[in-house]
Structure formats: structure tokens, C-alpha cells
Amino acid sequence: MAFEEEEVLEEEEVREYEGEEIAEFKIKGVISTSIPPSIALSVTYDGAEGKALVKLYDPSTDTVYYWYDNTGHRPYLLTDLPPEVIADKVPEVLKHPGFSHMEVVKKYDALSNREVLMTKIYAKDPLSVGGGRRSIRDLLQKTWESRIKYHHSYLFDRGIVPGMWYRSNGAGLAPVPIEIPEEVKASLSKVFSSEDEREAAEEWIPYFQAPIPHIRRVAIDIEVFTPQENKVPNPKDAEYEVVSVALVGSDGLRRVLVLRRPGMDIDLEAFSDFDFEVLFFDNEYDLISEVFKVITQYPLVVSFNGDNFDLPYLYNRALALGFKREEIPIVARRDYVTVAPGIHIDLYKFFAIKAIEVYAFGGVYRGERGLDAIASAVLGVGKVERQESISAMPLDELAEYNYRDAFITLYFTLYNDELVMKLIILLSRIAKLPPEDLTRSQVSAWIRNMLYYEHRKRGWLIPNKEDIIASRGGAYTKAIIKGKKYAGAVVLDPPAGVFFNVYVLDFASLYPSVISRWNLSYETVNCQEKENAERPIAELPHWICKGRRGITSLLVGILRDLRVHVYKRLAKNAPTPQERALYDVVQSAMKVFINASYGVFGAETFPLYCPPVAELTTALARYVMTSTVLKAIEVGVQPIYGDTDSLFLINASEDKIKAMMDYANSLGIDIDLDKVYRFVLFSGRKKNYLGVTADGGVIIKGLVGKKRNAPVFVKELVDDIVKELKSVQTLDDVFKVRDDVSALVKEYEARLKEHKITLDKVAIKTSLNKDLDEYTKNKPQHVKAAELLAKYGIRLGRGDVISYVKTRDSLGVKPVQLARIDEVDERKYLEYMATSVEQILEALGISMEELRGVMKLA
DNA sequence: ACCTGTGGCGAAACAC
DNA sequence: GTGTTTCGCCAC
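Here my numbering = 1-based position in the first sequence + 206.
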């Protein structure tokens, strides 16, 4: 980790580092103090050298450079203990072999809003003295419990931002100036009224405007001999042969390296029409040697699950075959595996990031983890079908299979004009995290790093979590849901029924807007200068500082304003399609940070955890919502439903909507007309409705028949019903459609009763969110089914999806693989159908009993 | 090993 | 039998 002190220099890691990393860098990398304009790919601490190492890439000459930090940075820690006290009370610190020197520095402490004097204790090279700074900290903590108040990065006070452009200027790395388009400059003064905001926004602009170069890259995928089908070889032991390695590069490289094995004939004819080249090797050593040669020629290596399988397997296999460590361009880090001279991105980990899944890909591969499933969902291409095990596959089929996987992996980074790579670079710049770290950490780590960077840039102390809680307090409200920490959003109770001509208003980025508008930040909330503060809302006892702008409020506000008023516009109006596409990536990268900015303050694991901030955010949002509801009634529109930041209105008109917008503006929040529905069906439940828009689009929310775990035949029934509903234009049509819907339901019921249905249509797919033995409080059905499956050697665990059917036996379930259609408990399925259909029927004014009654008569 | 939040629905399991 | 808890999935 580049900028995160706590992440670096754990004792185990120190030992791992010793000696190995540098040797190969010296062979493969271009170590230089003369750097042409290049983008920073990674910033790490090089333990053996005791220096910062920046990997840079110059796309114009296609060269990777290593630049070592020679500016005298040394690991340090900050304490509020004065030097003379340390010397007097803890003299061991001065005698510690890792101790270098100490000095007194002035820092701004946002929590107390004053300058404080801190002692900066420098350590020598941490490796040569066994832990250095870390062991000094332990020493201090042992003697002076919890006196180490504030932690700090030892690498840079002002970091080199990954993804940005630098060149050497004699003294060190200097940023390459970025050209800012006139229209962007001009819009800044319009968007930001205060000087502070405008200045801060100006500093952000280069991160969004700096060019994103094409980074040449290679995707790698390996296939390993497996004596038993379904058993993944352990990369630690690496006991079986690497039989095939596919390397597919963005520069046109399409190569599969195949190992000749006894008993495996090579049918040259079969290889002749492949669109990739195949190289045969007589021994594994040469094959792997060739793989390493290729890896070292690229600034970027991409893989799918390379952290946990491909790269460690290659590394350990190479060791076993007699390679020396310094001949292997693969480096194990504490949390991941990287390469030399470039960097390694594991797309498996990237796609597992929740924020990426939700915001970047709209949830299209939700819950899926495999290459095949994600590729089908995102790219629309799947893997090559495979009948035999890797070990038994004819070599031509093996090569084809292997090639496809590597090709898909590369294609993830290339499709849609390199969307994924551009997104990664932009997210890196915003978070100040190198791509290798960014693609492996969740959004809270991104925001943490971004905020830490902003603190360091300003010379602020980074507060400890305990200090924030101690001075700002905890939550005041009680959550509705048991086990939650504070009250959240309001949800209006909708009436059941069909409503025509429904207008939906939407508060734009409500929570971020609240944070920005009310100056919410851990240091401004419940500050010490109570006389210069005000209580924003009677419901809560919290007060907010008036005299200074909160750092999180400022940042969230700037990002939101830049996104809405600059980059969303550019994404629509920029002159060329390429520019528009790029600006669209920019605005979606910003969205990820903006949307996650509220939640982190309510997360105990977040280092700037501050319950009053989270609680004020939701409380003020509730106020915005409820007062707007009252306003609606006042202007004569009827709010029928609303959830958190949306409001469904009937009897609306343009001037009434305008009045609503004016009101929201007076609160300092933007409100947009999000949708106009031709009609909406409300089942009477919250978070549960079906709407058809003016242009015939269908929007379904929360209906059980639409959920991922609904049996296919229920989904099909709901789809059929929806098709009927689409034709509805008037209230009369509703009555007509009722009969059709009833008929459909009866038809499906009959099909189920007569077993005219296949097993896969009644299968329920549910994911296991824990390993089987972790379900201790109760044993849900899908867990029972998974246990049955385990008896047959199919072991499922966290993240896997189990497919099961409900049966009439005492256990009540069977995995779909073990069940027969005549065992199915049709009663349960009729119930399932009933609840799904009810949510639509009740809106139409029919009850399920009525429908059943009709059926009996018929 | 994992790390953004709370509110809401429905099924089943569990506690009494 | 009823009421409560747990779990998965969803809305925002």
C-alpha cells in the first residue's frame, strides 16, 4: 500500500520482502533519474532500498521507468508527547537501533480547531533494523498507553497521484502541466460562488482532464494438469504440470504455449485454422521461461483470478523447476501478487467490488463471480464449452479453451473504447490509490485514501477514530430496524390500486447535497465552539460549526457540483463522440465517490466514522422529504408514494411541479422531474410497484416474482402478465385486462398441478452468503439443500449459488440435481405463485381467493 | 476475512 | 398455536 501507514511493514511482510524484489527490478526495469513525461502506475515502499519506488510508463516510447525517491523521506510517526518527555520517560526510544532523529512540527488539529505541536519521530531503514518505526511505536505504546495519537504516512506528505503525469526536473518528479479547456475554466466561476470552493475545484480539474493513454497490456491464463476432475490444484504446492498458457496482448499478440505430453497426440490439422499461434514445448521449464519473457515486456498484466491462482502457481512451479527467485518476474505482496517491471490487475477482484458492480455495470452480473458469467453479462460472450477435464482434453481443444479465457480477460479492458481501463485510471486519480490497490479494495478504502490525502495536503492531522467518537459523540436516534445504529430514510405508505398520470419527482443526489448544504463533516459537527454554531434540526441535539467549512462537506460538494454542472453537461454536449464518451466515464467515476460518501460515516470500520454526521444526513433528508410532501398538499398535488428521495404525485401540472421545484430550491436542494408514468400499480406494500411510462416502458420494483431467487415459471407468469398490462391506456382497459390476467394465472396453476413443467422451471436459486458451518442460528432451506449436495462431493460455500426445489418429504427441499419432478411439493409452489401474483392482482382489485373462486366455477 | 448506510418484504426456523 | 428472529433480496 502506498499511502497507508498501517498497511505497511507488518513483521511478516518485512521478512517476505528481504532481498528478492529489487534484484529482478534491476534486471528488467529501466531505473532512471531522467524521466520523460510518463504516467505513474504505482507508488510503493521498497523495503530493501528503504525508499519510495514509483513505476512510471511512457506511452510514447512504450517504456516502464523506475524512479526512486531520493528526497530523504524516512518512516516516521507522530505523537503528542514532547521530545524531552520521550527522552526522559522512554529513553529506550532513543537507543532503539531503528531510531533516526526527531523534531517538533506544527499541525492543524481539526477536531479541536487549533494548531498543535507534535513530535515527529523518524526511523531509519525499517528492514535493516527490524521493524523500525513500528517497533518504536510499540515501545511508546507500551510505556505510554494510547499516547500515539495520530498516525501519518511515512512516504509522502504530498503524494504522487497515480494515473497522473510526471517528469523529472533535477530535484525530483514534477507534475506535467495539464491543459484545461476554456469552457471548463469558464464554467468554474459560474458553478462556484465562494472563493474557497472555486480554488479547491480548480485543483481537482487536472485529475479529470489529464489525458488517459493507452497502456499496452497482456492477459494471461494458465491451465494446469489435474488428476481429479473438479479439484482445483493448490498453487502453494504447485505439484502438477502447467500444460498450457495463453497470452493475449493489446498489441496483437495471440499466443498459446502448449506442453507436449506423452500419450497426447498433436493433430496439426486441427491447429491450422486457429486465429492464434500455438507454440509447442518439450519441457515445462522452457515453457515457463517463455511466459516470463513475455510478462517482462509489458507495463500491465491482466488476469482473471491471477492473485489467487495463476501467478502464485507459476511462481511456485518455477521455483520447483529450479528457477532462481530473481529470474521470476512475479512478486508476492501481503494482499496480492504483482509483476515486474509492470503492474498486475486481477479483474476477478475488480468485478467483485460492490461499487463497480452497482454503479459501473448497473448490476448486470449481480452475484455472479465466474469469468463465464460476468463475460456473458458484460460482453455478451461466453467461454468455450468444455466436455472433458483439462487433463484429458485433446491439445487443440485445450489451446482453444485456454486462448478464449485469456482473450475474454483482455477484452474486458478493451471493449467500448477501453472503458474499464479509463474508469480504473480515473478512480485511481480521485482516490489517490495506485490501480493495483484500487482494483483490490472496496469503496470505503477509496474514500479513506482520498480524505487522508486531502488532510495531508493541508497539513492537517489525521484524527484517530476514538478521538472522533470521544469528542463528537454517538448516535441519538433509534433505528426502526433492530440492530441498526440510527434512523434512516422515510418511506411513505402507498395505497393499493391503479393510478394514472403519475409524476415522479426526485431529489438530485439527496444525501451528498445535504452534506454539502448543511456543512456536515466530522470536525464541524458538535464542535467545541458551541457559541458559533447552530442546531440545524430540532429533532437532534447535534450542532454544526458556522465559522469554518467542513472538509468532507467541501469535497462532496465540489465533486457533486463538478459532476452535475460540468462533466454531465460535457458528456452530453462535447463536440466529438470520443470526448463525450470520455466525459461520461469521468462523471460516472465521480458518481461512485459521491454516492458512497454518506454511508462511510455510518460504518464502524471507516477510520473517520462519525455517527452524528451520518445521523444528521438522514435526519435532514427526512426533513427535506416530509416538508416537500406538505408543500405538495399545499399546492394541490397529492403525494401517493415516496421513498427516501423520490415523490410520486397525482393531479400534477407543470406550474404545480414548478412550485415544488422552487420550494426545494429554497431548501438548497435540487429536485428533478424524474419520470411521468402513464399508470402505476401499487400493491399497497412499500418498495413494491409496477409502472408503465408514457412511452410504454415498464418499470417493476420489488415484486417477488421478479427477484433473483424466484422460480423461472413464476418469473414467466409475471412476464406474461406484464405483457398484458402494457396495453392498458385507460381505466376501462384495466377491467378488460383483469380477465386476461385471471386466465393466465389459471393456466399456469393447471400446468403446475398436472406436472406439465420441468424441474429447472421450479428450481429456486439462492446464494449462500456464508460458509455452511456458519449458519448457527437456524438452518434455512437453501443450506439444507447444500448439505445434501455436500454428501455427493459437491461442496458449496460463501458466494456460491445453490439451486433447489421444494419437495414433499420431511426435509422439504432437495437440490435440483437430486430431485425428480414428481417429488415436487406443488402446494408450496402454488403459494409462491399466489404471493407473486397477489402483488399485481391486489392493485387491480382482485384477491387471490376471488380468483380461486372463479376457477372453481369454471 | 471483512470492511458504505437504513427500510421493507416474504419464507422459514425457532422460541415459547 | 403465536410471536420473534434469521435470512436473502431488494429500494433508495
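Note that beta-carbon positions come from the ideal geometry of N, C-alpha and C, so glycine has one too. The model shown is predicted, which means the values in this text are computed figures rather than measured ones.
Problem set entry | Residues that DSSP places opposite F854 in a beta bridge | V710 and Y847
For this session: Output the distance between the C-alpha atoms of A558 and R575, rounded to the nearest integer angstrom.
Result: 7 Å
Problem set entry | CA-to-CA distance, Y282 to I292, given in whole angstroms | Roughly 15 Å separates the two Cα atoms.
Problem set entry | According to DSSP, residues forming a beta bridge with E740 | I750
Exercise. Given L765, which residues of its chain have a CB within under 7 Å of its CB, disregarding the five upstream and five downstream residues?
Worked result: M796, F799 and I800
For this session: Can you give me the Cβ contacts of S634 inside the same chain, cut-off strictly under 7 Å, excluding the 5 residues immediately before and after it?
Result: P368, G369, P640, P641 and L644
Exercise. With a CB to CB cut of under 6 Å and the five nearest residues on each side skipped, what residues in its chain are close to G831?
Worked result: One point to set straight first is that residue 831 is Met, not Gly, in the sequence displayed. For M831, where only same-chain residues beyond five positions count, the Cβ hits under 6 Å are V696.
For this session: Could you pull the start and end residues of the alpha helix (DSSP H) that H661 belongs to?
Result: V649 to R664
For this session: Return the residue from the list K530, D513, V708 and H748 that minimises the CA-CA distance to T823.
Result: H748
Problem set entry | Residues that DSSP places opposite T269 in a beta bridge | D264
Exercise. Given that a residue counts as buried once 16 or more other Cβ atoms are within 10 Å of its Cβ, and exposed if not, what is E290?
Worked result: It is exposed - the Cβ of E290 has fewer than 16 other Cβ atoms within 10 Å.
Exercise. Fully enclosed by the region 899–985, which alpha helix (DSSP H) runs are 4 residues long or longer?
Worked result: 918–932, 937–959 and 965–968, all fully within the region 899–985.
Exercise. Whose C-beta lies closer than 6 Å to the C-beta of N725 among residues of the same chain, with five residues either side of it excluded?
Worked result: I750, G756 and S759
Exercise. Do three or more CB pairs link the region 406–415 to the region 442–458 at distances below 8 Å?
Worked result: no
For this session: Let me know the secondary structure DSSP gives D1028 once reduced to three states.
Result: helix
Exercise. Quick check: the region 861–876 against the region 901–910, are there 3 or more CB pairs under 8 Å?
Worked result: No: the two stretches stay apart, fewer than three of their Cβ pairs being nearer than 8 Å.
For this session: Return the Cβ separation of H550 and V484 in integer angstroms, given the expectation that the two are a contact with Cβ distance under 8 Å.
Result: In fact, because the Cβ distance is near 25 Å, the residues do not count as touching under 8 Å.
Problem set entry | Start and end residues, alpha helix (DSSP H) containing W371 | First-last for W371: W371 to S374, but that is the beta strand (DSSP E), not the alpha helix (DSSP H).
For this session: Entirely within the region 396–438 and at least 3 residues each: give me those beta strand (DSSP E) ranges in chain order.
Result: 423–430
Problem set entry | Cβ contact (3+ pairs, closer than 8 Å) linking the region 623–637 and the region 416–435 | Yes, since at least three Cβ pairs between the region 623–637 and the region 416–435 fall closer than 8 Å, the two stretches touch.
Exercise. Thinking C-alpha only, which one of E993, F812 and E960 is nearest F651?
Worked result: For clarity, residue 651 is Ala in the given sequence; the question names Phe instead. Of E993, F812 and E960, the smallest CA-CA separation from A651 is found for F812.
For this session: Taking only the alpha-carbon atoms, compute the straight-line gap between F627 and V537 and give it to the nearest angstrom.
Result: The question names Phe, but residue 627 in the sequence shown is Met. Rounded to whole angstroms, M627 to V537 spans 22 Å at the Cα level.
For this session: Would you mind stating whether N857 and V843 have Cβ atoms separated by less than 8 Å?
Result: yes
Exercise. Which residues in the same chain as F713 place their Cβ atom closer than 6 Å to its Cβ, once the five residues preceding and following it in sequence are excluded?
Worked result: D851, I875 and I877
For this session: Can you tell me which of the three DSSP states P817 falls into?
Result: helix
For this session: Buried or exposed for P387, please, with buried defined as at least 16 other CB atoms from any protein chain shown within 10 angstroms of its CB.
Result: exposed
Exercise. When the Cα atoms are used, what is the spatial distance from Y692 to R678?
Worked result: CA-CA distance, Y692 to R678, rounds to 15 Å.
Exercise. In the DSSP assignment, what residue or residues form a beta bridge with T325?
Worked result: Under the DSSP definition of a beta bridge, T325 partners with T285 and V310.
Problem set entry | Cβ shell of D767 (< 6 Å), same chain only, five flanking positions each side left out | V397
For this session: Compute the Euclidean distance between the alpha carbons of I1052 and L853, then round it to the nearest angstrom.
Result: 27 Å
For this session: Identify whether P1021 lies in helix, strand or coil by the three-state DSSP scheme.
Result: Note: P1021 maps to strand in three-state DSSP.
For this session: Compare the Cα-Cα distances from I614 to each of L601, S582 and D673 and report the closest residue.
Result: S582
For this session: Assign E574 to one of three DSSP states: helix, strand, or coil.
Result: coil
For this session: List the DSSP bridge partners of V508.
Result: A425 and I551
Exercise. Is A780 helix, strand or coil by DSSP?
Worked result: coil
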